[in-house]
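Take a look at the structure below.
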Amino acid sequence: KEIRLSYPAESAAAPNGSDSPSKRAQRPAVGNRVTVVLGAQWGDEGKGKVVDLLAQDANMVCRCQGGNNAGHTVVVDSVEYDFHLLPSGIINPKVTAFIGNGVVIHLPGLFDEAEKNERKGKGLEEWEKRLIISDRAHIVFDFHQAVDGVQEQQRQEQAGKNLGTTKKGIGPVYSAKAARSGLRICDLLADFTKFSERYKVLAQQYKAMYPTLEIDIEGELVKLKDYVERIKPMVRDGVHYMYEALHGPPKKILVEGANAALLDIDFGTYPFVTSSNCTVGGVCTGLGMPPQNVGEVYGVVKAYTTRVGIGAFPSEQSNDIGELLQTRGKEVGVTTGRKRRCGWLDLVLIKYAHMINGFTALALTKLDILDVFAEIKVGVAYKVDNQTIPHFPANQEVLQRVEVEYETLPGWNSDTSAARSFDELPENAQKYVRFIEDKQCFQPTFGVGDESAACIRGFTVTRLHVNVFSDYLRNLVSLSACKQNTDLRPVAVERAVTPSPASVPSVKWIGVGKSRESMIQLF
Numbered sequence: 001k002e003i004r005l006s007y008p009a010e011s012a013a014a015p016n017g018s019d020s021p022s023k024r025a026q027r028p029a030v031g032n033r034v035t036v037v038l039g040a041q042w043g044d045e046g047k048g049k050v051v052d053l054l055a056q057d058a059n060m061v062c063r064c065q066g067g068n069n070a071g072h073t074v075v076v077d078s079v080e081y082d083f084h085l086l087p088s089g090i091i092n093p094k095v096t097a098f099i100g101n102g103v104v105i106h107l108p109g110l111f112d113e114a115e116k117n118e119r120k121g122k123g124l125e126e127w128e129k130r131l132i133i134s135d136r137a138h139i140v141f142d143f144h145q146a147v148d149g150v151q152e153q154q155r156q157e158q159a160g161k162n163l164g165t166t167k168k169g170i171g172p173v174y175s176a177k178a179a180r181s182g183l184r185i186c187d188l189l190a191d192f193t194k195f196s197e198r199y200k201v202l203a204q205q206y207k208a209m210y211p212t213l214e215i216d217i218e219g220e221l222v223k224l225k226d227y228v229e230r231i232k233p234m235v236r237d238g239v240h241y242m243y244e245a246l247h248g249p250p251k252k253i254l255v256e257g258a259n260a261a262l263l264d265i266d267f268g269t270y271p272f273v274t275s276s277n278c279t280v281g282g283v284c285t286g287l288g289m290p291p292q293n294v295g296e297v298y299g300v301v302k303a304y305t306t307r308v309g310i311g312a313f314p315s316e317q318s319n320d321i322g323e324l325l326q327t328r329g330k331e332v333g334v335t336t337g338r339k340r341r342c343g344w345l346d347l348v349l350i351k352y353a354h355m356i357n358g359f360t361a362l363a364l365t366k367l368d369i370l371d372v373f374a375e376i377k378v379g380v381a382y383k384v385d386n387q388t389i390p391h392f393p394a395n396q397e398v399l400q401r402v403e404v405e406y407e408t409l410p411g412w413n414s415d416t417s418a419a420r421s422f423d424e425l426p427e428n429a430q431k432y433v434r435f436i437e438d439k440q441c442f443q444p445t446f447g448v449g450d451e452s453a454a455c456i457r458g459f460t461v462t463r464l465h466v467n468v469f470s471d472y473l474r475n476l477v478s479l480s481a482c483k484q485n486t487d488l489r490p491v492a493v494e495r496a497v498t499p500s501p502a503s504v505p506s507v508k509w510i511g512v513g514k515s516r517e518s519m520i521q522l523f
């Protein structure tokens, strides 16, 4: 519930004609809020399809992080379009696409991707007039991609394993950004002579670190100079552009997350992660916008779990089940072409992703892939050394030792691909969806006193930060004597701990096919 704070009215104008404190305290209107679509697993959840669905009603679609290491597939009129760097919502000719400062851009890859998709069919007409690029976005050079490959080879030789990188130069360019030696779009457009000098210094630094590295310095500079006039009409001051979009006329703005929560540089299964923040915080830093303009946050969850490359994967099925999921789901990476590892749905990591992102609803995709299973398992808890652990482990060695506790649900053994409403799904498929919703709930505690005995458990919600402490509660109602849910006066329950609808991430969409038409909307 919203709690309004009132300030004492000023009896007279402030001296020197300045605004009164009460006027200064008034906050400006928030403006338009963005709708965010994020992956809740290790990527490849079907974010592109959800974005394509929502983009039909959007004015603007944004990318906030990552580069062309991402891979989103959109199916329109039975034609598959593959997007890596462009926001996939650009397939809608009414949409303006915005690439924010948090994205790293390989210019040859950008134009090659657009031209390949343009040849496949309609939708990308005049894409160059509908694409806006932040001047603060960093540039991926060809030598970044070469360095990526060399580093992977060194890891394999030195440690016997690599990270499974896409070799698109993402790690090296984000490293250069953090080391403050990177080059941005604004540098390319400002003074090409100075840009060339800085480019050569950066190239020589890499050659000094990797003596076998071959860099065609003059050749790449020629190509980059050719791009200057081509991209100049697309480039804007990204912060100003985003501010105008948020505070101008009413507008529906969609943010397309790349990669996923478990690949986040801070919160993912480090070190087997990407090099950017692909959780909700990356939306603000990658677009240059404040958090109060974040509206709905949709988490995309595949009905089972997949992962590309190496790294811990607790619910992986290295057996016939995993093979069947891989075959039926056509689980091959859009960017790498590598087969994806497959396993049962793991709700422990979904809860973890929700704790970070605060999903307001979920989109459950590829439910139809489970149509042939007589029974379906869902991971609901982790054990280490026969002890249930209450959290998702940060340490990879611990995560490798995890034993997953499963609950087994009956399958439905029937085709769901033609279903277009929840009621048209088989009963057991409906139960599977409801099971996922129910298991996302957990019981928080909130305090009504200083002692541990004063913690009340109850109110099943899914947002961990609904912990309300006694000092704050006492300002609302007298609760220090309460020790049970029933002791709480109704007004206290309503004002202090009742979750908003956004606190429980119900399944809003269910995907039973490739196209946007196959997305069943529940509410």
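Counting along the sequence shown from 1, when you hit position 463 you're at 463 in UniProt numbering, and nothing is skipped either side. Note that CB positions come from ideal geometry on N, CA and C, so glycine has one too.
A residue is called buried once 16 or more other Cβ atoms fall within 10 Å of its Cβ, and Val-301 is buried on that count. Inter-residue distance for Val-34 and Pro-233 is about 25 Å (C-alpha atoms, whole angstroms). If you ignore the 5 residues before and after Asn-68, its C-beta comes within less than 6 Å of the C-beta of His-84, Leu-85, His-106, Gly-109 and Lys-168, all in its own chain and listed in chain order.
Judged by DSSP in its simplified three-state form, Ala-114 adopts helix. Within a 10 Å sphere around the beta-carbon of Met-60 sit 16 or more other beta-carbons, which makes this residue buried. Classified as exposed, Glu-115 has fewer than 16 neighbouring CB atoms from the shown chains inside 10 Å of its CB. Assignment of Cys-342 by DSSP, reduced to helix, strand and coil, places it in the strand class. Ranked by how close their Cα comes to the Cα of Gln-41, the residues His-391, Gly-299, Thr-360 and Ala-419 have Gly-299 in first place. The C-beta distance from Glu-256 to Cys-62 rounds to 7 Å, short enough to fall under 8 Å. Contact annotation, Gly-238 with Asp-135: C-beta distance approximately 6 Å; criterion of less than 8 Å satisfied. Put simply, of Thr-365, Lys-177 and Val-402 the residue whose alpha carbon is nearest the alpha carbon of Met-519 is Thr-365. Taken in chain order, the complete beta strand (DSSP E) segments of 3 or more residues contained in the stretch 369-416 are 375-384, 387-389 and 403-410. Straight across, the Cα-Cα distance linking Lys-339 with Thr-285 is about 32 Å. When Cβ pairs closer than 8 Å are counted between the two stretches, the stretch 386-401 is seen to touch the stretch 311-331, the count reaching three or more.
When only Cα atoms are considered, Arg-420 and Val-50 end up about 15 Å apart. Inter-residue distance for Tyr-227 and Pro-393 is about 45 Å (C-alpha atoms, whole angstroms). Between Lys-431 and Leu-347, the CB-CB gap reaches or exceeds 7 Å.
Between the stretch 406-420 and the stretch 318-327 there are fewer than three inter-stretch CB-CB distances shorter than 8 Å, so the stretches are not counted as touching.
Taking 7 Å as the cut-off, the beta carbon of Tyr-206 is found no closer than this to the beta carbon of Phe-141. Take the alpha-carbon of Thr-306 and the one of Pro-290: they are about 33 Å apart.
Classified as exposed, Lys-122 has fewer than 16 neighbouring CB atoms from the shown chains inside 10 Å of its CB. Annotated as proximal: Leu-254 and Ala-55, with beta-carbon spacing under 7 Å. As DSSP reads the structure, Glu-316 sits in a beta bridge with Gly-343. Between the C-alpha atoms of Ser-506 and Pro-211 there is a straight-line separation of about 54 Å. Taking C-beta atoms as the reference points, Ile-90 and Ala-97 count as a pair closer than 7 Å. About 15 Å separates the beta carbons of Asp-57 and Val-74, which is beyond the 8 Å limit, so they are not a contact pair. A direct Cα-to-Cα measurement between Pro-87 and Ile-510 gives close to 22 Å. Beta bridge pairing from DSSP links Asp-82 with Thr-73. Assignment of Phe-359 by DSSP, reduced to helix, strand and coil, places it in the coil class.
In terms of CA proximity to His-138, Phe-195 leads the group Glu-125, Phe-195 and Gln-151. In this structure, Cys-64 lies near Gly-100, with their beta-carbon atoms less than 7 Å apart. Note on Val-512: 16 or more other CB atoms within 10 angstroms of its CB, so buried under the neighbour-count rule. In the structure shown, Trp-509 falls within a strand segment according to DSSP collapsed to helix, strand and coil. Collapsing the DSSP output to three states places Lys-120 in a helix.
One thing to note: Lys-377 has its Cβ no nearer than 7 Å to the Cβ of Glu-403.
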